[in-house]
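Residue numbering for the sequence shown follows our numbering, beginning at 23 and increasing consecutively. Some notes on the structure that comes next.
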Amino acid sequence: MIFNKRVFTSMLSLAATSLAQPTFTKIFDGALLINDSIGFVPGPFGPRALYAFTGGNLTDPNSGDVVANIIPGVSGQWGVLGSNEIFYPDVRVVAQWVDDQTYAFWDVHGSGIAGASAANYARFETNSASRLALNNKFLLLTIEVADESAIFEIYSLDD
């Protein structure tokens with residue numbers, strides 16, 4: 023196959039002008055209680071965070087009502103601190119919806135500053151009838167960590 027620079031440049035120009043900018047809508051606010059008593063332990067790719075989540079919740083960003091509670095003891099953080107001093111979160115959370123008592127299982131991956139903040143991709147799995155659409159949504163999660171707690175926001179990519 024012969025590379026045609028003119029065709030390639032035209033394709034890039036067309037793609038750059040026709041791709042819509044993504045927009046997001048905040049769907050949850052949240053809070054976590056963190057047990058960091060183990061902290062970082064040595065790992066093959068760098069120090070690994072061993073943090074347990076001892077509680078927390080998700081709230082509706084408009085009303086402030088609690089919509090789900092974090093299940094303590096089964097949720098946590100296993101992120102790695104790279105040699106570049108960038109922290110790569112690896113988080114698993116189990117929450118129970120307040121209204122229908124079903125569960126949500128979510129995992130979070132991203133990058134940021136250990137013990138401070140990170141931007142992440144989040145994936146939800148739930149069988150809550152009113153929230154099944156979350157299973158197929160691209161979600162962003164931003165988090166700010168302070169001592170043994172954290173606040174976060176979850177955004178959904180608009181259709």
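Don't be surprised by glycine CBs; every beta carbon is placed ideally from N, CA and C.
Worksheet item: Between the C-alpha atoms of Pro111 and Leu41, what's the straight-line distance to the nearest angstrom?
Response: In the sequence shown, counting from the first residue as 1, residue 111 sits at position 89. In the sequence shown, counting from the first residue as 1, residue 41 sits at position 19. Their Cα atoms are separated by approximately 29 Å.
Practice prompt. Confirm, please, whether the CB-CB distance from Gly132 to Ala126 is below 7 Å.
Written response: Working through the sequence shown from its first residue, we reach residue 126 at position 104. Working through the sequence shown from its first residue, we reach residue 132 at position 110. Not in contact: Ala126 and Gly132 (Cβ atoms no closer than 7 Å).
Worksheet item: Which residues does DSSP pair with Asn91 in a beta bridge?
Response: Residue numbering aside, residue 91 sits at position 69 when the sequence shown is read from its first letter. Note: Asn91 sits in a beta bridge opposite Asn79, Gln118.
Worksheet item: Is it right to say Ile60 is buried, meaning 16 or more other beta carbons lie within 10 angstroms of its own, or is it exposed?
Response: Sequence index remark: in the sequence shown, residue 60 carries index 38 (1-based). It is exposed - the Cβ of Ile60 has fewer than 16 other Cβ atoms within 10 Å.
Worksheet item: In the DSSP assignment, what residue or residues form a beta bridge with Phe174?
Response: The count along the sequence shown starts at 1 and reaches residue 174 at position 152. For Phe174, which the question treats as bridged, DSSP gives the partners Gly52, Ile165.
Item to complete: To the nearest angstrom, report how far apart Met23 and Ile108 are at their CA atoms.
Response: As a first step, residue 23 must be located in the sequence shown, where it is residue number 1. As a first step, residue 108 must be located in the sequence shown, where it is residue number 86. Note on Met23: pLDDT 48, under 50, position unreliable in the model; no value is reported.
Worksheet item: Buried or exposed: where does Gly52 fall if 16 or more other Cβ atoms within 10 Å of its Cβ makes it buried?
Response: Position 30 of the sequence shown, counting from 1, holds the residue named residue 52. Buried, since its Cβ has 16 or more Cβ neighbours within 10 Å.
Fill in: Alpha-carbon to alpha-carbon, Ala172 and Pro83
In the sequence shown, the residue the question calls residue 83 occupies position 61. In the sequence shown, the residue the question calls residue 172 occupies position 150. Pro83 and Ala172: Cα-Cα distance of roughly 16 Å.
Worksheet item: What is the rounded straight-line gap between the Cα of Pro66 and the Cα of Ser85?
Response: The residue labelled residue 66 in the question sits at position 44 within the sequence shown. The residue labelled residue 85 in the question sits at position 63 within the sequence shown. Roughly 44 Å between the two C-alpha positions.
Discussion item. With a threshold of 6 Å on Cβ separation, who are the neighbours of Val113 within its own chain once the five nearest residues in sequence on each side are excluded?
Written reply: Here the question's residue 113 lines up with position 91 in the sequence shown. The residues are Gln99, Val130.
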